[in-house]
Amino acid sequence: MDASAVKRYLNDLHDRIAAAVEAIDGAKFRCDPWARPEGGGGESRVLSDGAVFERAGVSFSHVFGDKMPPSASLQRPEIAGAPFEAMGLSLVFHPRNPHAPTTHCNVRFLVASPSASPAVWWFGGGFDLTPYYPYDEDVLHWHRTARDACQAFGADTYEKYKTWCDRYFFLPHRNETRGVGGLFFDDLNQGGFESSFGFLRSVGDHFLPAYLPIIERRKDQSFDERERRFQLYRRGRYVEFNLVYDRGTLFGLQSRGRTESILMSMPPLVRWDYDWQPEPGSPEARLYEDFLRPRDYLAELDR
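Using this note's numbering, read the sequence shown as starting at -7 and increasing by one per residue.
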């Protein structure tokens, strides 16, 4: 196990993603280094009110603690309350244009050190896409690139982590998925450190190739006030998921991470309308009918 190699990779990925966003938008990130009294710290980079992104946040953290938060030990009772080390890169991009999708990516590494047993380490993360007006070509490109990220790690890897993503990014109280999914994995240490770290790198390295062509296609597309209102309404689902279900948000708050950095994933503007329903046959209705449920997009659309 080489935690320093993971940290070097995450720092480099942080720089690469931030540079790519600045190149597209023309605005610069505000860089905000922070320290945590209990141990460790990180750097949050936030771009607000840009030409392309209303908010884009990319944050690296490397923290230590005396007691593993419950959100990370729920499936591993043997490490509950153990000292821990956690590092990761997390990002959320909220574009201005309703035809451009919101996206999220996270890659992370955790080590727990129980007093009565050897240290336990694992990787987790993934990326997912939340369109407001989905386009088949965008969804296909996203899932093809996700499949490419998994190609060298077993024939069933994409399907396994695609299904996990659909299951994880689901709002039970709405009975709908957050978006069109992608990849999600956690507790990964099978096959040893090098193999697991290799998969994390592949997921991280495929994020920009997955997202950049979509944002380039959609960032300058014309839109009207109705489409803008729908985007703000659907952003409410993003807030609901992050505050109620997201394990990363819970881990950050329970580990007493920096609150501003944890909540930078929230969109700057959002609305909730009482009992809103899409008009039958509208593009908004197509989102609900065709995309807010688990689907095998590659099998159904890649023809």
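Glycine included, each C-beta is placed from N, C-alpha and C at the ideal position.
Since we're looking at a predicted model, the values are computed, not measured.
Note that the C-beta distance between residue 52 and residue 39 is not below 8 angstroms.
In the three-state reduction of the DSSP assignment, residue 60 falls in the coil class, being assigned neither a helical nor a strand state.
Residue 105 places its beta carbon less than 8 angstroms from that of residue 74. For the pair of segments examined, the region 85 to 92 was found not to touch the region 240 to 247: the number of CB pairs separated by less than 8 angstroms stays below three.
When the Cα atoms are used, residue 270 and residue 25 turn out to be separated by approximately 43 angstroms.
Per DSSP, reduced to three states, the secondary structure at residue 51 is strand. Only residues of its own chain outside the window of five on either side were considered, and among them 116 have a CB closer than 6 angstroms to the CB of residue 178, listed in chain order.
Its chain contains 54, 55, 56 as the residues whose beta carbon lies nearer than 6 angstroms to that of residue 32, once the 5 sequence neighbours on both sides are disregarded; these appear in chain order. For residue 196, the three-state secondary structure derived from DSSP is helix.
Beta-bridge pairing by DSSP links residue 164 to no other residue.
In the structure shown, the three-state DSSP call for residue 287 is coil.
Three or more pairs of CB atoms, one per stretch, sit closer than 8 angstroms, so the region 256 to 275 contacts the region 220 to 237.
Residue 155 places its beta carbon 8 angstroms or farther from that of residue 122. As a beta-bridge residue in DSSP terms, residue 114 pairs with 102.
Its Cα nearest to that of residue 202, the residue 138 stands out among 282, 82, 138, 13. Exclusion of the five residues before and after residue 161 leaves 120, 169, 170, 171, 173, 176, 233 as the residues of its chain whose Cβ lies within less than 8 angstroms of its Cβ. Between residue 126 and residue 279, the C-beta spacing is below 8 angstroms.
Secondary structure at residue -4: helix, using DSSP grouped into helix, strand and coil. For residue 25, the uninterrupted beta strand (DSSP E) run begins and ends at 22 to 27, by DSSP.
Rounded to the nearest angstrom, the Cβ distance from residue 81 to residue 5 is 6 angstroms, consistent with a contact under 8 angstroms. Nearest neighbour of residue 93 by Cα position, chosen from 72, 254, 134, turns out to be 134.
Counting the other Cβ atoms within 10 Å of the Cβ of residue 196 gives 16 or more, which makes it buried. Membership of residue 33 in the beta strand (DSSP E) is indicated by the continuous run 32 to 40. Residue 86 sits in a strand when the DSSP states are folded into three classes. The Cβ atoms of residue 9 and residue 50 lie closer than 8 angstroms to each other. Residue 210 and residue 78 have their C-alpha atoms spaced approximately 35 angstroms apart. Contact between residue 84 and residue 207 does not hold, since their C-beta atoms are separated by about 13 angstroms, which reaches or exceeds 8 angstroms. Residue 114 is not a Cβ neighbour of residue -7, given a cutoff of 8 angstroms.
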